[in-house]
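So the structure is just underneath, and the comments pick up after that.
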Amino acid sequence: MPPVRVGILGLGTVGGGVVNVLRRNADQITRRCGRRIDIIHAAARRLDAPRICALDGILLTTDPMSVVENPEVDIVVEVMGGLNPAHALIERALTLGKPVVTANKALLAHEGNALFELAEARGTMVAFEAAVAGGVPIIKAIREGLAANRIEWLAGIINGTGNFILTAMRDAGRSFADVLAEAQALGYAEADPTFDVEGIDAAHKLTILAAIAFGMPLKFEGVYTEGLSKLQTEDVRYARELGYQIKQLGIARRHDNGVELRVHPTLIPERRLLANVDGVKNAVLVWADAVGSTLYYGAGAGAEPTASAVVADLVDVVRTLTADPTHRVPHLAVVPSQITDLPVLPISAVTTGYYLRLMVLDQPGVLANIARVLADHGINIEAMIQKEASPETQHLPIVLLTHPLQEAVMDRAISALESLDSVQLPIVRIRVESLAG
Ligand code: HSE
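So the sequence shown is numbered by the working numbering: it starts at 8 and just counts up by one.
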């Protein structure tokens with residue numbers, strides 16, 4: 008068989024990793040898909056930028072559309088990121104009937120429904136393993152490995168940069184800005200790092216995971232998102248005293264009346280494997296009816312882990328090039344006519360446990376008042392610790408864990424607690440998940 012010819016859009020961290028992995032493992036990859044995969048044409052913003060890969064034998068350009076339109080290019084790999092011009096380039100490739108391999112979670116979260124429709128109409132496909140959890144083959148695991156199951160919920164650490172920052176803050180007491188700069192230097196962070204720290208990147212990935220787990224359209228606009236930037240080190244410390252770790256989780260859960268989609272800092276019991284996923288590692292815990300819980304773990308960002316997923320997609324695409332398009336694995340795990348438009352539930356409808364930290368005046372009756380407000384709202388306290396008052400402010404922290412309750416009830420209870428004279432504003436609230444089946 009003649010080699011398959013690939014055009015690549017973007018030669019940064021991920022693009023460079025793809026070139027290196029394809030070249031280094033060329034023999035293995037050829038054995039696996041029966042044909043050689045050659046990158047013949049590449050587009051980069053600047054041709055003189057320093058690279059992590061050699062580019063001999065590859066035609067270089069600053070015009071990505073010329074790569075897409077090159078009649079010799081059979082498959083387009085998009086690893087430039089961002090919405091534009093990636094959107095127009097992928098649309099053009101699909102219109103030409105060329106399969107696309109992309110790591111672009113933001114674009115898929117926003118435009119994936121239309122792109123998949125276009126791919127199906129043109130008898131081609133979009134492969135996107137690298138868009139979620141870097142090198143962890145979570146798309147394949149959910150879409151194919153768990154195809155027998157009804158998936159009930161999944162919870163994942165799906166932003167490597169955020170987890171890298173949280174881990175270094177906890178273990179080394181390093182500042183947020185210092186660790187973020189290191190994550191950027193290592194090529195983990197998004198071009199706009201607020202996407203990492205504010206949970207937007209994780210929300211893009213959760214959108215994709217939920218769609219394939221539940222066979223629903225991509226609904227990024229429905230994801231409730233809360234970032235890491237407001238998290239304080241004392242809450243990380245108090246959580247540990249109570250036997251919990253704080254992780255930035257993406258959670259998707261199916262209910263009879265819709266799905267929960269949420270990204271926020273979360274207390275999880277430290278005995279859970281997920282609580283011990285540190286650094287740039289990602290992990291996704293999936294609960295499905297037949298198999299129960301399964302956990303997928305690995306590097307969530309970086310040149311070669313992400314390249315591992317891109318190249319695996321290339322191998323898949325090459326293997327299926329001759330298959331009848333209607334018999335390929337569907338983009339969102341179910342055949343297009345069976346995609347169900349599930350409503351996304353508001354965060355006020357979510358039921359979860361809560362960690363609360365109240366800064367209160369050291370006076371008689373304060374604790375009794377807090378307990379009364381919680382009791383009036385039917386809130387059951389699971390654990391409580393009280394710390395010494397700060398000499399400067401005379402306020403002391405009271406930390407509470409509650410049993411699960413509906414967020415709307417907790418909103419009302421927090422308003423009532425904040426109206427007590429002895430309670431300083433604002434009350435810190437972090438959701439708690441037991442992650443039990
Ligand atoms: N910025 C992303 C992360 C890169 O840190 O996880 C991988 O998607």
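Where a beta carbon is used, it is the ideal one built from N, C-alpha and C, also for glycine.
Note that the structure is a prediction, hence the values are computed from the model and not measured.
| Item | Value |
| --- | --- |
| Any heavy atom of the ligand HSE closer than 7 Å to the beta-carbon of T109? | no |
| Kindly examine the ligand HSE and report whether one of its heavy atoms sits closer than 7 Å to the Cβ of T168. | yes |
| Just checking L197 against the ligand HSE - is the residue's beta carbon closer than 7 Å to any of the ligand's heavy atoms? | Before going on, a small fix: residue 197 reads as Glu here, not Leu. E197 Cβ: within cutoff of the ligand HSE. |
| Helix or strand or just coil, what does DSSP make of R12? | strand |
| Does the Cβ-Cβ distance between G24 and N170 come in under 8 Å? | no |
| On the CB-based measure, 16 or more other CB atoms within 10 Å of its CB, does R335 come out buried or exposed? | buried |
| How would you call R438, buried or exposed, if buried means at least 16 neighbouring beta carbons within 10 angstroms? | buried |
| Skipping 5 residues on each side, what residues in its chain have a beta carbon closer than 7 Å to that of E395? | L403 |
| If you run the structure through DSSP and keep just helix, strand and coil, what is I165? | coil |
| Below 6 Å CB to CB, which residues in the same chain sit around L125 once its five sequence neighbours on both sides are set aside? | L101 |
| Can you find a heavy atom of the ligand ADP that lies under 7 Å from the Cβ of D369? | The ligand ADP is not among the ligands present in this structure, which contains only the ligand HSE. |
| Would you say G142 touches the ligand HSE, meaning its beta carbon is less than 7 Å from a heavy atom? | no |
| Tell whether a beta-carbon distance below 8 Å holds between A162 and L349. | no |
| Rounding to the nearest angstrom, what Cα-Cα distance links A61 and A49 in this structure? | 12 Å |
| Tell me whether G307, by its Cβ, gets closer than 7 Å to a heavy atom of the ligand HSE. | yes |
| What separation, rounded to the nearest whole angstrom, lies between the Cα atoms of Y362 and P9? | 60 Å |
| Can you tell which of A218, N289, L407 has the C-alpha that lies nearest to the C-alpha of G250? | L407 |
| Any heavy atom of the ligand HSE closer than 7 Å to the Cβ of D208? | yes |
| Have a look at N289 and A209 and give me their C-alpha separation to the nearest angstrom. | 11 Å |
| Going by Cα to Cα distance, which pick from E118, G19, E267, V84 is closest to T358? | E267 |
| Enumerated in chain order, which unbroken segments of the alpha helix (DSSP H) with a length of 4 residues or greater are wholly contained in the segment 145-214? | 167-179, 183-192, 201-204 |
| Over what stretch of residues does the alpha helix (DSSP H) that includes D242 continue unbroken? | 240-248 |
| For L37, write down the residues that DSSP places opposite it in a beta bridge. | Inspection of the sequence shows that residue 37 is occupied by Thr rather than by Leu. None; T37 has no bridge partner. |
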